[in-house]
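From first to last, the protein sequence lines are chains A and B.
Using my numbering, you'd call the opening residue of the first sequence number 10 and step up by one each time.
Using my numbering, you'd call the opening residue of the second sequence number 3 and step up by one each time.
The next block holds one structure in the form of structure tokens; read it before the comments.
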Amino acid sequence: MGKKSTLLSRLIGAPYIVWAVIFILVPIGMVAYYAFTDVTGAFTFSNMSEIAKYTDTFLLSIWLGLLATVISLIIAYPLAYIIANSGENRQKIMMMLIMLPMWMNFLLRTYSWMTILEDNGFLTTTLNSVSEEIWGILNEALHSFGKELKPFEPIHLINTRGAVVLGMVYNFLPYMILPIYTVILKMDRSLIEAAQDLGCNKFQVFKNITVPLSLPGVVSGFTMVFVPSVSTFYISQKLGGTGTTLIGDIIETQFQTANNFHLGASLSFVLMILIFICLAVMNKFSDEDGEVII
Amino acid sequence: MASNEIIKLKNISISFDDEQIINNMNLYIRDKEFITFLGPSGCGKTTTLRIIAGFLQPDSGEVIFDGKVINDLPPHKRQLNTIFQRYALFPHLNVYENIAFGLRLRKISEKEIKETVTEMLSLVNLKGFERRNISSLSGGQQQRVAIARALAVKPKILLLDEPLGALDLKLRKDMQVELKNIQKRLGITFIYVTHDQEEALSMSDTIVVMNGGKIQQIGTPLDIYNEPKNAFVADFIGESNIIEGVMRADFWVEMAGNKFKCLDKGFGVDEDVDVVVRPEDVDIVPVEDAMISGKVTSITFKGVHYEIIVEIKGFKWMIQSTDYQEVGSTIGLVIEPDAIHIMKKSEYSGLYGDYSSFSEEFDELSDATIDEEE
Numbered sequence: 010m011g012k013k014s015t016l017l018s019r020l021i022g023a024p025y026i027v028w029a030v031i032f033i034l035v036p037i038g039m040v041a042y043y044a045f046t047d048v049t050g051a052f053t054f055s056n057m058s059e060i061a062k063y064t065d066t067f068l069l070s071i072w073l074g075l076l077a078t079v080i081s082l083i084i085a086y087p088l089a090y091i092i093a094n095s096g097e098n099r100q101k102i103m104m105m106l107i108m109l110p111m112w113m114n115f116l117l118r119t120y121s122w123m124t125i126l127e128d129n130g131f132l133t134t135t136l137n138s139v140s141e142e143i144w145g146i147l148n149e150a151l152h153s154f155g156k157e158l159k160p161f162e163p164i165h166l167i168n169t170r171g172a173v174v175l176g177m178v179y180n181f182l183p184y185m186i187l188p189i190y191t192v193i194l195k196m197d198r199s200l201i202e203a204a205q206d207l208g209c210n211k212f213q214v215f216k217n218i219t220v221p222l223s224l225p226g227v228v229s230g231f232t233m234v235f236v237p238s239v240s241t242f243y244i245s246q247k248l249g250g251t252g253t254t255l256i257g258d259i260i261e262t263q264f265q266t267a268n269n270f271h272l273g274a275s276l277s278f279v280l281m282i283l284i285f286i287c288l289a290v291m292n293k294f295s296d297e298d299g300e301v302i303i
Numbered sequence: 003m004a005s006n007e008i009i010k011l012k013n014i015s016i017s018f019d020d021e022q023i024i025n026n027m028n029l030y031i032r033d034k035e036f037i038t039f040l041g042p043s044g045c046g047k048t049t050t051l052r053i054i055a056g057f058l059q060p061d062s063g064e065v066i067f068d069g070k071v072i073n074d075l076p077p078h079k080r081q082l083n084t085i086f087q088r089y090a091l092f093p094h095l096n097v098y099e100n101i102a103f104g105l106r107l108r109k110i111s112e113k114e115i116k117e118t119v120t121e122m123l124s125l126v127n128l129k130g131f132e133r134r135n136i137s138s139l140s141g142g143q144q145q146r147v148a149i150a151r152a153l154a155v156k157p158k159i160l161l162l163d164e165p166l167g168a169l170d171l172k173l174r175k176d177m178q179v180e181l182k183n184i185q186k187r188l189g190i191t192f193i194y195v196t197h198d199q200e201e202a203l204s205m206s207d208t209i210v211v212m213n214g215g216k217i218q219q220i221g222t223p224l225d226i227y228n229e230p231k232n233a234f235v236a237d238f239i240g241e242s243n244i245i246e247g248v249m250r251a252d253f254w255v256e257m258a259g260n261k262f263k264c265l266d267k268g269f270g271v272d273e274d275v276d277v278v279v280r281p282e283d284v285d286i287v288p289v290e291d292a293m294i295s296g297k298v299t300s301i302t303f304k305g306v307h308y309e310i311i312v313e314i315k316g317f318k319w320m321i322q323s324t325d326y327q328e329v330g331s332t333i334g335l336v337i338e339p340d341a342i343h344i345m346k347k348s349e350y351s352g353l354y355g356d357y358s359s360f361s362e363e364f365d366e367l368s369d370a371t372i373d374e375e376e
């Protein structure tokens, strides 16, 4: 009987194992294969050594990804905390509003930021005219002291690193809010009461109980924002212009235009390892029990 | 009022969503006593505890601690600590840090913290558990850590909200003894909430029986058991037969078609009363020597004794006896004067006391017409 049921459970599990092998293990194996071979199929380290050229791009990608993740965290944590502590109806509405943009196509969302941020766009022109006005007033005031400001230079929003980070934060913010919100919501209220009971004021409860207990949510949010941010190419292409090329863009070029699958694969392979290291460090330092959901 | 009272509740009322949970409650609690709020779920006992702890604000009335009104004092400034139903230990801290939690907030030196934690761990018999994870502890051990954590900050009052509810029977009994010992040794006030009447009887100096947001009776365990004030208290504490009777004169009550001698007086002549007879106080005798007699409808073996249900004039009595009686046989009963307790009629008269079933809920289950009538 026992043997039969294990056979049955294996049979039920089989499609998923096949799926995992075909769509997860095989592709990773292929990436590794291409990364360490040349056009003839012979084993080589030349792709790997070529990667050194892209060190700056790697660093920039990780830097911008990190920046976007930290900004997302700063926005998401208080928001998640407030939502989790508000009434049931308000919670539903707020979560709905946060999820709503995600129902729209990712490319479309990024594209619309392009129009908002462009030089002739509404936002930029308004900002420019307002700041030029202020600039003029300041200049006049300084003039009476015999000093002068530099001539006004119009603000550029599109095609800057700032725009890329904005695009990342905008697109991936819900992935930060959701896990933190869930963790705070599920927190045992009696723990908070116990902390108050033992002498914690509101701030101390937050610091000693809420923050440490919500760390698993922060870590999964961190992962879910950091990984797509580091490897994105569309956001940097549309909002970063030619000045901000990320590693995702390079990989895309290798496959789409340069037709150098081997270099593309090796770049992907290294990126994968770098992300893995970043997350391992993050997990190590946030939670020893390993209760983190990646 | 007593000079050593530490907590006083004055005209406390509170309601949630238009439902009155506590109704104009007045109570004082003496320093160093073990007081228990006892009642069925929903009677307002936990709510009262939460008002004293400061987690709830009463709609009206005053909470007075050591002579000062503390209504507006937040929980973290009150000199009392709570043991929560599910212990509420901090899962991200180990045993040592859990117990040290309150001490750290008080800016005490590390050396003193260590001394106190060690002292508390030995008080609750958990020496050597300092570095253990909370999740690795059994329910009983978690319970002890919760007690140590609350006592470490030296509260004047310890509030315990059904603290033994999650433990198994044997462990519960051990913990009852231990809690009582700790309370005696430390000489602080324990306010204990439970729905378990046996627990209340065995631990408390004073029991406050509550129902429907009102105090039904306050007294020592002995008073509450022997002299229940109304049918609710008599039914809730222990087993009791509650029979409708008429006081014919001082020391004479008529019930179940017979006159009985009793020890109660001061009722009006021919006043309707509720009569309580505890099942263990009824003696079974041959029918010819009996005061009343009836037919055995069921008998259940309970270990120490048999539980016999006897029908007398349509009313089902419970009698505890070590002798077996055949179902269907007629037996005679004798009730001594000191086994009879007379109560004035109350809103609870007639609701309890017949042993056709043991709980109201069962009555309602088996009789769907009750709902329709309402």
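Here a beta-carbon is modelled for each residue, glycine too, at the ideal position from N, C-alpha and C.
Separation of M27(B) and L11(B) (C-alpha to C-alpha, rounded to the nearest whole angstrom) is 7 angstroms. Closest in alpha carbon position to I286(B), among S295(B), R280(B), R108(B) and V279(B), is S295(B). Within chain A, L207 and G208 have C-beta atoms less than 8 angstroms from the C-beta of V155(B), given in sequence order.
Put simply, the CB of E97(A) is far from chain B, with every gap to its CB atoms at 8 angstroms or more. Under DSSP, E246(B) takes part in a beta bridge, and its partners are D276(B).
Looking from the CA of I311(B), the closest CA among A341(B), I54(B), D356(B) and P288(B) belongs to D356(B). Taking Q263(A) as the centre and dropping the five residues before and after it, the same chain places the C-beta of N269, L272 and G273 closer than 6 angstroms to its C-beta, in chain order. Residues of the segment 77 to 98 of chain B whose Cβ lies closer than 7 angstroms to any Cβ of chain A, in chain order: P77, H78, N83, T84, F86, R88, A90, F92 and H94. In the three-state reduction of the DSSP assignment, M105(A) falls in the helix class.
P87(A) has a beta carbon lying at 8 angstroms or more from every beta carbon in chain B. E282(B) and L58(B) have their alpha carbons spaced roughly 42 angstroms apart. When DSSP states are grouped into helix, strand and coil, E162(A) belongs to the coil group. Q263(A) carries a helical assignment under DSSP once its states are collapsed to helix, strand and coil. Contacts with chain A at 8 angstroms (Cβ-Cβ) include R108(B).
Using a Cβ-Cβ cut-off of 8 angstroms, F57(B) counts as an interface residue toward chain A, since at least one Cβ of chain A sits closer than that to its own. Of the residues assessed, I85(B) falls on the buried side of the cut-off, its CB having 16 or more other CB atoms within 10 angstroms. By the beta-carbon neighbour count (other beta carbons within 10 angstroms, threshold 16), H343(B) is buried.
Of all residues in the segment 189 to 218 of chain A, the ones placed with a Cβ closer than 8 angstroms to any Cβ belonging to chain B are D197, S199, L200, E202, A203, A204, Q205, D206, L207, G208, C209, N210, Q213, N217 and I218, in chain order. Secondary structure of A251(B) (DSSP, three-state): strand. Per DSSP, reduced to three states, the secondary structure at N94(A) is coil, with no helix or strand assignment. DSSP, read as helix, strand or coil, puts S199(A) in helix.
In the structure shown, the three-state DSSP call for E309(B) is strand.
Chain-ordered, the chain B residues with CB closer than 9 angstroms to the CB of L222(A) read F92, P93 and H94.
One Cα belongs to T169(A), the other to Y179(A), and the distance between them is close to 15 angstroms.
Per the DSSP secondary-structure output, L160(B) pairs in a beta bridge with N83(B) and F192(B).
According to DSSP, residue pairing for V210(B) in a beta bridge involves F39(B) and I220(B). Counting only residues of its own chain and dropping the five nearest sequence neighbours on each side, N94(A) has a CB closer than 8 angstroms to the CB of I193.
Using a Cβ-Cβ cut-off of 8 angstroms, F238(B) does not count as an interface residue toward chain A, since no Cβ of chain A sits closer than that to its own.
Of V279(B), E35(B), I23(B) and N213(B), the smallest CA-CA separation from D207(B) is found for E35(B). The three-state reading of DSSP puts T49(B) in helix, counting H, G and I together. DSSP places S111(B) outside both helix and strand once states are collapsed to three, so it counts as coil.
Counting C-beta pairs closer than 8 angstroms gives three or more between the segment 89 to 103 of chain B and the segment 117 to 131 of chain B, which meets the contact rule.
No Cβ-Cβ contact shorter than 8 angstroms links V279(B) with P230(B). When C-beta atoms of the segment 154 to 164 of chain B are compared with those of the segment 126 to 139 of chain B, fewer than three pairs fall below 8 angstroms, so the two segments do not count as touching. Cβ proximity to chain A below 8 angstroms picks out nothing from the segment 10 to 30 of chain B. A distance below 8 angstroms separates the beta carbons of L248(A) and M123(A).
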